[in-house]
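Following: one structure in structure tokens, then a few remarks.
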Amino acid sequence: MTSAATDSSTGRLRGRPRPLRLSRWLRFDGWGALVLPLLVFLVLVFGLPLVVMLSRSLTDPSFGLQNYRDIFANAVYPRVLGNTFLIAAIVTVVTLALAYPYAYLMTLVGPVWRMIMLGLVLVPFWTSILVRSFALVLFLRDTGAFNSTLQTLDVIDQPIPLIRTLTGVVFGMVQVALPFAVLPIFATMQGIDRRLLQAAESLGARPAGAFWRIFVPLSAPGVAAAVLLTFVQALGYYITPALLGGPKNTMIGELIVQQVSTVLRFGFAAALATLLLLTTFLLLVVAGRFVDLQKHLMRQT
Amino acid sequence: MTKILTRAGLAILAALIGVYLILPVLIVVPMSFSDSSFLSFPPGQMSLRWFHNILDDPIWIDSALASLKVALASSICAVVLGVLAALALVRGHIPFRNTITAILLAPLIVPYVIIGLAAYIAFLQLGLTQTTLGFVLVHTCLAVPYVVINVVAGLVSVDRRLEMAAMSLGAGPVTTFFKVTLPLILPSVLAGGLFAFFISWDEVVTAIFLSGPDLTTLPVQMWSGIRVQIDPTVAALSTLVLLVIFGSFIVLGLTRLIRQLARRRVTGPATNTGA
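So the sequence lines, in the order shown, correspond to chains A and B.
Position 186 of the first sequence, counting from 1, maps to 186 under my numbering, and the rest follow consecutively.
Numbers given in my numbering equal positions in the second sequence, counted from 1, plus 1000.
In structure tokens form, the structure reads like this:
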């Protein structure tokens, strides 16, 4: 009797498409449910304000896309956007050019030197950005350590203007970005089997050839993660460009703060921030197809 | 031959990069002990006058206390929420796992200017700006990914048979967690908590949005000290901040070392009795 009923019911189920049950999809097991407090917290404290900001950009002072039109109506703001991308690109290139050989050397040296080199990378990681940028102002300004040393040595007569210039901003931002680039590149390089290089050399490749054709391509995932992280973070810098850059090097972060604190244009600031957020998101989605950023972030520490 | 030359070149380049990396520390620490009020270089006469300045001015003490309160509260919140989430990520079944992980890590990627502005706009309506609660809420978001990352790394290496042994001897899941799992992952929990503390303690950008006459944290106070005119007191404060950070890392390093030694003592006799 029971078996017959079961048979008929399964038979019926087989005949029809399985009903889509959302509750089954959304099921957390006992352990999985422990993620919920943090998830709810982040949605409320982190996500919801972003939505409020987005809606503010569309409603303040009036409903519509006026704020977004304003960004492109005046020549000043597109120039800031262009500047932001340009500076972020320069910073990324310089950072990569320094981080790659540094990480490479870290894989070559012995464990003690490796610890020292890693320690040097972690010092700025754990020094506040404010302190670092302030120190670089002291270093780069006309009466600072750099210029006065060169003047004492009679290399230059007049101080080289560094602060409030593009050079100054790049110098400061690369300093901030370097650790974020060195760590993923080093992590990837450490996983490369160096016997592959020996194999190539034993087959007649010159060391340089083996390096460029085997080592560099294998380190590409780390490089890609480093480039993505550096560029995305550089777009949103505020403290360093505000202290080291001049009016010609204004970046979008400074513009946002300026609009809120001095002219109180909340809607406009929100529109700028939304634009930056969407750019960041888009970059991550597009690049996310090639770079497993989650993996690199998860092993960052 | 070329190999030696390349290596030598690399070493020189790396040395220069190394100096560049610690340049701020090399600059700020000597200057904070300088007698000159213009922070000129070379520092010239030594003096502790800027450190005295900190103690004399209640602004610095008040904002340091405010920062300490915010940093302590947000690191505790971040540790509690982060450890739970890390347990879920490592042990649990989570639907839409990638999306949820991305949400948990998002505060690492979204520029702080955006987080600060969004929180400011939302909190103005709730009256949460310039309050400790408002700061703690935002700083917990910023700090929690670091706790999750650290604790996930710690949990992955835990031998689950130890937990199963405890359960089979009658311990409930909660007892097992506090008596077995937590002690095993304690170093990574502490490391995560320390990260969280310093994320909050150091944080300027969102704090600039949330600060005001009612509540200003130390970094924001330092920020205004730098912006108006270069105040040498900030150099002294920077040195103190550096001291606190590196001091805590040394303490953490020592705790790890002691734990490792202790573990060696524990496993030693245990294997002996087994044999």
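Glycine included, C-beta positions come from ideal geometry on N, C-alpha and C.
Quiz item: Nearest chain B C-beta to residue 202 of chain A closer than 8 Å, yes or no?
Solution: no
Practice problem: Closer than 7 Å by beta-carbon distance: list the chain B residues that pair up with residue 37 of chain A, in chain order. | Solution: 1081 and 1084
Quiz item: At a Cβ threshold of 8 Å, is residue 1187 of chain B touching chain A?
Solution: no
Quiz item: Between residue 245 of chain A and residue 168 of chain A, which are expected to be in contact by the criterion C-beta below 8 Å, what is the C-beta distance as a whole number of angstroms?
Solution: 7 Å
Quiz item: From residue 247 of chain A to residue 195 of chain A, what does the alpha carbon distance come to, in whole angstroms?
Solution: 52 Å
Quiz item: If we ignore side chains and look at the alpha-carbon of each, how far apart do residue 228 of chain A and residue 279 of chain A end up?
Solution: 13 Å
Self-check item: Euclidean distance between Cα positions of residue 5 of chain A and residue 1162 of chain B
Solution: For residue 5 of chain A, the predicted model reports a pLDDT of 42, less than 50, meaning its position is unreliable; a value from the coordinates is still stated below. Approximately 46 Å, taken between the alpha carbons.
Quiz item: Taking all protein chains shown into account, do 16 or more other C-beta atoms lie within 10 angstroms of the C-beta of residue 209 of chain A, making it buried, or fewer, making it exposed?
Solution: exposed
Quiz item: From the DSSP output, which residues share a beta bridge with residue 1215 of chain B?
Solution: B:1212
Quiz prompt | Residue range of the alpha helix (DSSP H) that includes residue 1124 of chain B | solution = 1112-1126
Quiz item: When the cut-off is 8 Å and only beta carbons count, does residue 1107 of chain B lie next to chain A?
Solution: yes
Self-check item: Span separating the alpha-carbon of residue 1272 of chain B from that of residue 1110 of chain B
Solution: Note on residue 1272 of chain B: pLDDT 36, under 50, position unreliable in the model; the coordinate value appears next. The straight-line gap from Cα to Cα measures roughly 53 Å.
Self-check item: Neighbouring residues, chain A, relative to residue 1210 of chain B (Cβ below 9 Å)
Solution: Correct list: empty, because the minimum Cβ distance to chain A is about 12 Å.
Self-check item: Proximity winner among B:1068, B:1035 and B:1045, relative to residue 1053 of chain B (alpha-carbon distances)
Solution: B:1035
Quiz item: Mind checking whether residue 230 of chain A and residue 187 of chain A have CB atoms under 8 Å apart?
Solution: no
Quiz item: Just how far apart, CA to CA, sit residue 1007 of chain B and residue 77 of chain A?
Solution: 46 Å
Self-check item: Bounding residues of the alpha helix (DSSP H) (the contiguous stretch that carries residue 194 of chain A)
Solution: No alpha helix (DSSP H) contains residue 194 of chain A, which DSSP labels as neither H nor E.
Exercise. Compute the Euclidean distance between the alpha carbons of residue 1214 of chain B and residue 1073 of chain B, then round it to the nearest angstrom.
Key: 18 Å
Quiz item: For the region 150-225 of chain A, which segments carrying the alpha helix (DSSP H) assignment without a break, of at least 4 residues, lie completely within its bounds, in sequence order?
Solution: 166-190, 195-202 and 207-210
Quiz item: On the premise that residue 1185 of chain B lies in contact with residue 1158 of chain B, defined as a C-beta separation below 8 Å, what is that separation, rounded to the nearest angstrom?
Solution: 6 Å
Quiz item: In whole angstroms, what separates the C-alpha of residue 1228 of chain B from that of residue 133 of chain A?
Solution: 15 Å
Practice problem: Pair every Cβ in the region 1232-1242 of chain B with every Cβ in the region 116-131 of chain A, then say whether three or more of these pairs are closer than 8 Å. | Solution: yes
Quiz item: Taking Cβ positions only, does residue 56 of chain A come closer than 8 Å to chain B?
Solution: yes
Exercise. Can you tell me which of B:1221, B:1136, B:1194 and B:1081 puts its alpha carbon nearest to the alpha carbon of residue 1245 of chain B?
Key: B:1194
Self-check item: Cβ-based neighbour list, residue 1025 of chain B, same chain, cut-off 8 Å, excluding 5 preceding and 5 following
Solution: 1242
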